[in-house]
Amino acid sequence: MGQVLYAGEGQCPARQAAVKAGIPHHVPSYNVNMVCGSGMLSIVNAHNHILLNPKDIVVAGGQESMSRAPHLMNIRSPNLMGNTECKDSMVHDALTCPFNQYHMGITAENIAEKYGISRHDQDTFAELSQSKAKEAANNGVFSDEIVPVKVTSRKATTLIEHDEHPRETTLEGLTKLRPCFKTDGTVTPGNCSSINDGGAACVLMSRDLAASRGVDTLGYIVSSAMVGCDPVLWAWDLYLLYELLSARQAGNWRTSICLR
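By the count of numbering that gives the first Met the number 0, the sequence shown reaches residue 259 at its end, each step adding exactly one.
This is how it looks when you write it as structure tokens:
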């Protein structure tokens, strides 16, 4: 399972997920951390494993709980005097560039500025993305894929059965939001990623094994690739992947797995 935020989650969260899901104890589990590409990398690893072990079945995906990410304080070597800093592990370990020491949202601003991606372009894309997600949810497209989870508090029990990110929004509403990373920037809370909890996994096996078991195939892995780029322009590697996989698959990149 891909996962970025481990602090406070205990030993090998992937193993915890497997055991709690009822997967037999003799099945090994491990975590992958490649930041935003973690879940995708776990699927690529599963694919590579099956190429070498075609009779194996692998469960792969990603899981994350940003709301449970703890704050960190180093008191193993206490200062003789003064205060001790308390760091938000979500921001420090997942959302801060370790080379330039700024929020990943700034890298989005860097790309927008370098390649002329306007605020209107970003808001329009965000509105389209939100509307597609809401339409799919309302039409029950994901009903068979989402497992309802009960969350019990002292006051009540809440059933979570919908993705928490899609929201009712309009292009007009998005244009009213202020930039959140630069005062004169173009990235806002409405056109960038939100803070979410969730997880997803898929079951992978060889084509022959699926056929022998009478399993309905939902998709195929055609190709995968990894690229790197200057951290200042993090996420531009997605475009580089598009070019690489498009050339490799003669334009049939939409069925390939992209990693960054």
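For glycine and all other residues, C-beta sits at the position ideal for the given N, C-alpha and C. Bear in mind that the values here come from a model prediction, so they are computed numbers and not experimental data.
By the neighbour-count criterion, in which a residue is buried when 16 or more other Cβ atoms sit within 10 angstroms of its Cβ, P12 is buried. Of the candidates G197, A135, A45, C191, G197 places its Cα closest to the Cα of V148. Around the beta carbon of M72, fewer than 16 other beta carbons lie within 10 angstroms, which makes this residue exposed.
Here N52 is exposed, its C-beta having fewer than 16 other C-beta atoms within 10 Å. For G104, the uninterrupted alpha helix (DSSP H) segment begins and ends at 103 to 114. Contact annotation: L173 and N190 have beta-carbon atoms nearer than 8 Å. If you draw a straight line from the Cα of E171 to the Cα of S37, it is about 34 Å long. Distance from the Cα of F180 is smallest, within the candidate group H102, L4, K131, for H102.
If only uninterrupted beta strand (DSSP E) runs of at least 3 residues are considered, those enclosed by the stretch 48 to 83 are 57 to 64, 70 to 72. In the displayed model, S222 falls within coil according to three-state DSSP, outside both helix and strand. For M33, the three-state secondary structure derived from DSSP is strand.
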